[in-house]
Amino acid sequence: PTMVVFLLTVLVEGFAADQTSCLGPPHLLATFHGGSSSSDVNQVYAYTRDGCLLSAAVLAGGPVLDELRGVLVLPSGDLLVANANKDATKLLVYGGCNATSPRRAYRAVVAEQSATLVHPYGLALHGTGDVFVSNQDTYTVLRYTNTSGLGPWASTVFVQ
């Protein structure tokens, strides 16, 4: 028998009162760890706080995704997603949502695979706007300090 295991990352997304609403936030964003097979799920889903599915495809456009891991809402409202395939590592930015749809349009790849960015797992936002990315295969945590633009973002090794 074949056993299929999905890795699920859940992020509670909330907005300040003056920000654009995304179908009554806060809602949950969940990444699904798929693979390279056409039947694998490589997408971010959006759910209401009570578990109702809003969208099975939050990400619209962009490169082919493979093994999504971390997801993070940036201060701009954009969504940062870690594509974790160890041979195709990328950090991607998708635009903000709007009041009628949780879908987000592809904007840019802000970081490509490097000697230290391989198989990213977790994403965290610091109060300064810096983004921290943990990497499963290099045992590093990278710090990205200029995260307001669409890149490419430069990193420094924060922990090794």
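Residue numbers for the sequence shown follow the numbering used here, beginning at 4 and rising by one. Glycine is no exception: its CB is placed at the ideal position from the N, C-alpha and C atoms.
With distances taken between CB atoms, is the gap from A63 to P105 smaller than 8 angstroms? No, they are not a contact pair.
Which one of N86, D53 and G54 has the shortest CA to CA distance from V44? Just measuring C-alpha positions, the residue of N86, D53 and G54 sitting nearest V44 is N86.
I'd like to know if the region 96-113 and the region 124-131 are in contact, where contact means that at least 3 CB-CB pairs between them fall below 8 angstroms. The region 124-131 and the region 96-113 do not touch, with fewer than three beta-carbon pairs separated by less than 8 angstroms.
Among V84, L31 and G73, which residue has its Cα nearest to the Cα of P66? Distance check between P66 and each of V84, L31 and G73 places V84 closest, using alpha-carbon atoms only.
Beta-carbon proximity check, T119 vs L95, cutoff 8 angstroms: Not a contact, by the Cβ cut-off of 8 angstroms.
Cutoff 6 angstroms; reference A60; Cβ partners in own chain excluding five residues on either side: So the list reads Q46, once near-sequence residues are dropped.
Leaving out the 5 sequence neighbours to the left and right, which residues in its chain are closer than 7 angstroms to V121 when beta-carbon positions are compared? Result list for V121: K89, T92, N138, D140 and T141, in chain order.
Straight-line CA distance for V134 to V160? For V134 and V160, the distance between alpha carbons rounds to 12 angstroms.
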